[in-house]
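Residue numbering for the sequence shown follows this note's numbering, starting at 14 and increasing by one per position.
We put the beta carbon where it would ideally sit given N, CA and C, even for glycine.
Data block below; observations after.
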Amino acid sequence: MITEINFDGIVGPSHNYAGLSLGNLASAKNTGKIARPREAALQGIAKMRANLERGLHQGLFLPQRRPDEGWLKQLGTKIEAASPALRANALSASSMWAANAGTVSPGADCADGRCHITVANLVTMPHRSHEWRETLAQLLLAFADEEAFAVHAPVPAPFGDEGAANHMRLCTRHDAPGTEVFVYGQTGGPFPARQHREAGEAIARRHGLDPARTVFARQSPEAIAAGAFHNDVVAVANERVLFTHEQAFADKDALYSELRAKLPEIEIVEVPAHAVSLADAITSYLFNAQLVTLPSDEMALVLPGEARETPAVWNWLETDVAGNGPIRQLFVHDLRESMANGGGPACLRLRVVADPARVDPRFLATPEKLDAIAAVVEAHWPETIAPADLASAELWAQCIAARAVLCDALDLPELDRDSF
């Protein structure tokens, strides 16, 4: 059975607010505040549990080993001697943003009929640039069935690739052939454009995509300057629906025309700037919701609490759902701890269209498995991390030990290593 599986990243025990992500306004705003890793992880687990109860298929990825001592060794230092900046980069828990784990093309889109996944290189930001090795290790385990999957190493530098956060797929249904949209930025604004067109083109070639069903779209400079560091902060797609802000793309009219030609069934739900400003859209993470198809075939948005707390956003959503549009339900979750670091419900998950029976079951969520994960988190994750704690040898040891307990609980000893 081919279906969509959402793989969520478990928030790691070193989750902190070091403000490492240039252009991520939430991350910058909360720099230096006290983080609550235990609460953040439990909030993410609650979202996964709710999606299972809604009849959706749910997977998971483990947090990466932090501090990343292997990365520091490559830089000629170790955690005890590293500068505060390098130490913060080595302790970052940003791998929880599974939308940046890689780019996924379902088998229906690929020339060889296999689901192709290219791990993201994340070269633009130092704290993320060393994630790909362990991400690749997890992808190779989860999707080891070579008859069903092909997992690729990252696109080489200097071409920046940030994974599914800049990739959308439109189709009549998940298991049907689709049109894949690669969104890229253009340098020259106040913040870096993290996704290069060349990276998207390389991935499309690797995955064996049909050029007739492949689109390259430029993100608007206004969106990047406003804090939309990834496309999924201003647009999201699901099956035949594109849900987008009016100012998401540099040439929206040309893009909409091309998409309608490739998928006549498409429904474009555009939120006008006069109703919801870019600032409100980005602050509330309206478009970083999960747009999902429920077992009833209705579409729903899985939203952060900030969307309900932003009057313009909530007014627009209630009006839209009350109408005759494709989005029929709204589900709101408290993800405040991860939101404060710059990512909402959609940032936490990687969408994979595949047969769950072909996936390593250790990476698939069940209520019982989520209970076991929550128990580990409650017992071993730090309750709080203040900026000064990043220099604490006790914290480093606690983070390593906590993750090792989780690897053991999920029967994934292969991942309990110093470095990859």
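Threonine 90 has its alpha-carbon roughly 27 Å from the corresponding atom of valine 418. Histidine 287 is classed as exposed because its beta carbon has fewer than 16 other beta carbons within 10 Å across all chains shown. From the listed residues Asn29, Ala111, Ser105 and Glu93, the smallest Cα separation to arginine 362 is found for Ala111.
By the Cβ test, the region 131-138 is in contact with the region 174-194, since at least three Cβ pairs between them sit closer than 8 Å. From the listed residues Cys360, Cys420, Gly355 and Glu283, the smallest Cα separation to valine 315 is found for Cys360. Look at the region 45-125 and you find these whole runs of beta strand (DSSP E), each 3 residues long or longer: 70-74 and 115-118. Around the beta carbon of glutamine 87, fewer than 16 other beta carbons lie within 10 angstroms, which makes this residue exposed.
In the three-state DSSP reduction, histidine 220 falls in the helix class (H, G or I). Across the set Glu350, Val249 and Val289, the C-alpha of Val249 shows the shortest separation from the C-alpha of methionine 312. Across the structure, isoleucine 279 and phenylalanine 376 are spaced so that their CA atoms are roughly 32 Å apart.
Residue state for aspartate 21 is assigned as strand, using DSSP reduced to three classes. By a beta-carbon distance limit of 8 Å, valine 117 does not contact arginine 371. Their separation comes to about 14 Å.
The beta carbon of methionine 14 sits closer than 8 Å to those of Asp368, Pro369 and Ala370, all from its chain and outside the five residues before and after it, given in chain order. Contact between cysteine 412 and serine 105 fails: their C-beta atoms lie close to 11 Å from each other, not under 8 Å. In this structure, DSSP gives proline 369 a helical state, which the three-state scheme calls helix. If you look at proline 380, you'll find it in the alpha helix (DSSP H) that goes 380-393.
Under the DSSP definition of a beta bridge, isoleucine 281 partners with Leu255. Leucine 153: not part of any beta strand (DSSP E); member of the alpha helix (DSSP H) spanning 145-155, first to last residue. Using a 10 angstroms sphere on the CB of alanine 401, the tally of other CB atoms stays under 16, which defines it as exposed. Cβ neighbours of aspartate 125 within its own chain (closer than 8 Å, five residues either side excluded): Ala163 and Gly221. The Cβ neighbour count for glutamate 93, taken over all protein chains shown within 10 Å, is under 16; the residue is labelled exposed. Around the beta carbon of asparagine 328, fewer than 16 other beta carbons lie within 10 angstroms, which makes this residue exposed. Glycine 318 and leucine 75 have their C-alpha atoms roughly 25 Å apart. About 6 Å separates the beta carbons of phenylalanine 20 and leucine 73, which is inside the 8 Å limit, making them a contact pair. The beta-carbon distance between asparagine 29 and leucine 268, rounded to whole angstroms, is 38 Å. This is too long to meet the 8 Å contact definition. Excluding the 5 residues flanking it on each side, histidine 393 has same chain C-beta neighbours closer than 6 Å at Ala415 and Val418, in chain order.
By the C-beta criterion, the region 146-155 is judged not to be in contact with the region 177-194, since fewer than 3 inter-stretch pairs fall below 8 Å.
Here glutamine 56 is near glutamate 350, since their CB atoms are less than 8 Å apart. In the pairwise beta carbon analysis, the region 211-228 is classified as touching the region 188-197: at least three pairs are separated by under 8 Å.
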